[in-house]
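Comments concern the structure below.
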Amino acid sequence: MVKLTGSNKIYCAVFISGRGTNLKSIYNYSKKRYSKIILKLVISNRSNATGIIFAKKHKIKTIVVNYSNKLEAEKKILKNLKNNKIELVCLAGFMKILSKSFLKYFKHNIINIHPSLLPRYKGLKTHERVISNKEKFSGCTVHFVSEKLDSGKIILQKKVKLLKLDTPKKLAKRVLKEENKLYPKAIDKILSNA
Ligand code: GAR
Numbered sequence: 067m068v069k070l071t072g073s074n075k076i077y078c079a080v081f082i083s084g085r086g087t088n089l090k091s092i093y094n095y096s097k098k099r100y101s102k103i104i105l106k107l108v109i110s111n112r113s114n115a116t117g118i119i120f121a122k123k124h125k126i127k128t129i130v131v132n133y134s135n136k137l138e139a140e141k142k143i144l145k146n147l148k149n150n151k152i153e154l155v156c157l158a159g160f161m162k163i164l165s166k167s168f169l170k171y172f173k174h175n176i177i178n179i180h181p182s183l184l185p186r187y188k189g190l191k192t193h194e195r196v197i198s199n200k201e202k203f204s205g206c207t208v209h210f211v212s213e214k215l216d217s218g219k220i221i222l223q224k225k226v227k228l229l230k231l232d233t234p235k236k237l238a239k240r241v242l243k244e245e246n247k248l249y250p251k252a253i254d255k256i257l258s259n260a
């Protein structure tokens, strides 16, 4: 894992594909005096992602990557991570799967947030599946990224209780609120242990 020396902060990149509420919470954390990161770069596969507008407004460097050729896309991402001395990558609603060789290059320094209590409900449509299985709880997980989808070591989780009249939309909203609180805590945790 990343090594922190003294009061140093590390450079962090956030990868997004859409709305960017987790990006916003990571940004807000990065602005705290006690934060251990400098949010240096936002990378997206979509130029019209709302999170890109947020990043530009806050003068964070943005890179939009065309994913029609995955190999080229990852080459461009790696080059930018290197040039910007990025040491921690936070996936926040980034809907592309990173290749094995990409993960190898960045070993242990890529984390992700997922809207379920992993290892349960990996993949997409988590809230729909949780509700149709009549679960009592759902939640969210921040974990290290490994070669298998939504499977790396868990850093932090937060439970969310299901309500009688829950719909996927209502549940997603309550889980997202917890995600936004959990992500900064997870970053802080891994960097405190570094
Ligand atoms: C979040 O709910 C996040 O957990 C999910 O995408 C959403 C992004 O929201 N990620 C995944 O499902 C990845 N498997 P945001 O753009 O508002 O942060």
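For the sequence shown, the residue numbers in my numbering are 67 to 260.
A virtual CB, placed ideally from N, CA and C, is assigned to each residue, including glycine.
Residue from the options whose Cα sits closest to the Cα of residue i
i      : options                        : result
Gly218 : Ile82, Leu183, Glu245          : Leu183
Lys148 : Asn178, Leu107, Cys206, Leu164 : Leu107
Leu248 : Thr87, Phe172, Ser113          : Thr87
Ser83  : Ile129, Tyr95, His124, Asn94   : Ile129
Val241 : Val208, Lys214, Glu213         : Val208
Ala115 : Lys243, Lys90, Glu138          : Lys90
Ser198 : Lys214, Lys230, Leu164         : Lys230
Glu138 : Ile118, Lys224, Asn111         : Asn111
Ile126 : Asn135, Asn94, Lys145, Arg99   : Asn94
Gly205 : Ser212, His193, Val211         : His193
Lys251 : Ile177, Lys170, Glu140, Ile118 : Ile177
His174 : Val196, Lys142, Ile143, Ile221 : Ile221
Val196 : Tyr171, Ser212, Lys225, Val131 : Lys225
Tyr43  : Lys255, Ile179, Leu154         : Since the first residue shown for the chain is 67 and the last is 260, residue 43 is missing from the structure and cannot be characterised.
Cα-Cα separation, residue i to residue j
i      : j      : result
Phe120 : Phe203 : 32 Å
Ile152 : Phe168 : 14 Å
Lys236 : Leu228 : 10 Å
Lys123 : Ile92  : 15 Å
Gly189 : Asp216 : 7 Å
Pro181 : Leu157 : 13 Å
Ile118 : Leu164 : 20 Å
Tyr187 : Glu201 : 11 Å
Glu140 : Ala238 : 30 Å
Asp254 : Cys78  : 12 Å
Lys191 : Gln223 : 19 Å
Ser150 : Ile179 : Note that residue 150 is Asn in the sequence shown here, rather than Ser. Going by the C-alpha atoms only, they are around 23 Å apart.
Supposed close pair residue i, residue j - CB separation, criterion 8 Å
i      : j      : result
Lys75  : Ile109 : The pair is not a contact, with the Cβ atoms about 19 Å apart (cut-off 8 Å).
Tyr133 : Lys162 : 6 Å
Phe210 : Phe160 : Incorrect: roughly 15 Å between the Cβ atoms, too far for contact.
Glu213 : Lys166 : 5 Å
Where residue i falls, given that 16 or more other Cβ within 10 Å makes a residue buried
i      : result
Leu257 : buried
Thr233 : exposed
Asn135 : exposed
Tyr100 : exposed
Glu245 : buried
Ser96  : buried
query = Can you list, in chain order, every residue whose CB sits closer than 5 Å to a heavy atom of the ligand GAR?
reply = Listed along the chain, these residues meet the criterion: Gly84, Arg85, Gly86, Thr87, Asn88, Ala158, Gly159, Ile179, His180, Pro181.
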